[in-house]
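End of the sequence shown sits at 1128 in this note's numbering; the numbers just go up one at a time, nothing left out.
Quick reminder that beta carbons are idealized off the backbone N, C-alpha and C, glycines included.
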Amino acid sequence: MESPFRDDIVKGKVALITGGASGIGFEISTQLGKHGASIAIMGRRKQVIESAVSSLRSLGIPAVGFQGDVRKQEDAKRVVESTFEQFGRIDILVNGAAGNFLVSPEDLSPNGFRTVLDIDSVGTFTMCHEALKYLKKRGPGRSNSSGGGIILNISATLHYTAAWYQIHLCAAKAAVDAITRNLALEWGTDYDIRVNGIAPGPIGNTPGMSKLAPEEVNGNKAKDYIPLYKEGESWDVAMAALYLASDAGKYINGTSVVLDGGIWLSRPRH
Ligand code: HXC
859 MESPFRDDIV KGKVALITGG ASGIGFEIST QLGKHGASIA IMGRRKQVIE SAVSSLRSLG
919 IPAVGFQGDV RKQEDAKRVV ESTFEQFGRI DILVNGAAGN FLVSPEDLSP NGFRTVLDID
979 SVGTFTMCHE ALKYLKKRGP GRSNSSGGGI ILNISATLHY TAAWYQIHLC AAKAAVDAIT
1039 RNLALEWGTD YDIRVNGIAP GPIGNTPGMS KLAPEEVNGN KAKDYIPLYK EGESWDVAMA
1099 ALYLASDAGK YINGTSVVLD GGIWLSRPRH
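Dropping the structure here:
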């Protein structure tokens, strides 16, 4: 679908996207790139990164990819530094890397629980922590710029209530939302950095959906409760990212944009 935004709304910006080589993250990389940003992707899988980078380049988007695991602080530091070395600045950090699987609390080992928190929550904080000096208003490469950088944390809606077989994900995303609000408070005040979340509901054709909501597990029942009667698209999430990352979102800080067609409000009709 064609973007409703002008194609230069993030022109000259540099965006680093974790988990940016596949699924929702890749669409965010693509749309930020199509709207003028240079793109650095961080991910764990070399081949997936290489193919994402070549797709972006084929669209004329300046793009680089770095292999790394957000659970490792040294990887986070190296990737952030390499992004700065490559493009001379970092304006937008998107924390999209996430781990997940369906499992009941009874069958989930504490290490499995910890693994998802390590990726989603600690990984998000680690990336923010390592990127801070580049996102600061007076950080390297930003001396002539007005305003600090932007952080976007990809969250979820499942933890607003509770979700079957998702105790680890719900705990992890609740922490991500807390990170969003606390950094928005402190770094917004100190450094003019805006920190926001995006909370996608069911987004079609993503690894998350095919893994977590396979048709054979819940049929198509979810659709009965979605007011807009369809799944979202990665494109929808990317448009929200563009809005928040551009000056259109300049007064938005510390919030999470829910993109779920209203499903979290839904109740069966009676
Ligand atoms: C139960 C599991 C498990 C599973 C791993 N574990 N998979 N437990 N069921 N299916 C447990 C292991 O037993 C182990 O604990 C611990 O987790 C670490 O497992 P490893 O395989 O050693 O970890 P690692 O190789 O680092 O992989 C971590 C991973 C990750 C979380 C499994 O590879 C992963 O999920 N990748 C997929 C990424 C993905 O799908 N992303 C999209 C997320 S979608 P023990 O105790 O045995 O040592 C999303 C959207 C949510 O987040 C909202 C949707 C609507």
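message: Our contact map puts Gly-883 next to Gly-954 with C-beta atoms below 8 Å; I'd like the distance itself, whole angstroms only.
response: 4 Å
- request: Indicate, with yes or no, if the ligand GDP has a heavy atom lying under 7 Å from the CB of Ile-977.
  value: With respect to the ligand GDP, the structure offers nothing, as its ligand set consists of the ligand HXC.
- prompt: Alpha carbon to alpha carbon, how far is Asn-969 from Asp-1035?
  reply: 22 Å
query: Which ranges would you report for the alpha helix (DSSP H) in the stretch 984 to 1059 if only whole runs of at least 4 residues count?
result: 1025 to 1049
- request: Between the Cα of Gly-946 and those of Asp-933, Asn-958 and Val-872, spot the shortest distance and give me the residue it belongs to.
  value: Val-872
task: Output the boundary residues of the beta strand (DSSP E) element that contains Val-961.
output: Run containing Val-961: none; DSSP gives neither H nor E here.
- prompt: Which class does Asn-1111 belong to by DSSP, given the choice of helix, strand or coil?
  reply: coil
- prompt: Can you tell me whether DSSP reads Gly-901 as helix, strand or coil?
  reply: strand
- prompt: Should the stretch 1011 to 1021 be called in touch with the stretch 1050 to 1058, which here means at least 3 C-beta pairs below 8 Å?
  reply: yes
task: For the alpha helix (DSSP H) holding Asn-969, just list the boundary residues, first then last.
output: 968 to 975
query: Is Phe-863 near the ligand HXC, judged by its Cβ being under 7 Å from some heavy atom?
result: no
- prompt: Helix, strand or coil for Thr-888 per DSSP?
  reply: helix
message: How far does the beta strand (DSSP E) with Thr-876 in it extend, from its first residue to its last?
response: 872 to 876
task: Return the first residue and the last residue of the beta strand (DSSP E) that Leu-951 is part of.
output: 950 to 953
query: Do you know how far the Cα of Glu-964 is from the Cα of Pro-1085?
result: 33 Å
query: Below 8 Å between beta carbons: does that hold for Ile-875 and Ile-897?
result: yes
- prompt: Is it true that the stretch 932 to 940 meets the stretch 981 to 993, where meeting means three or more beta-carbon pairs spaced less than 8 Å apart?
  reply: yes
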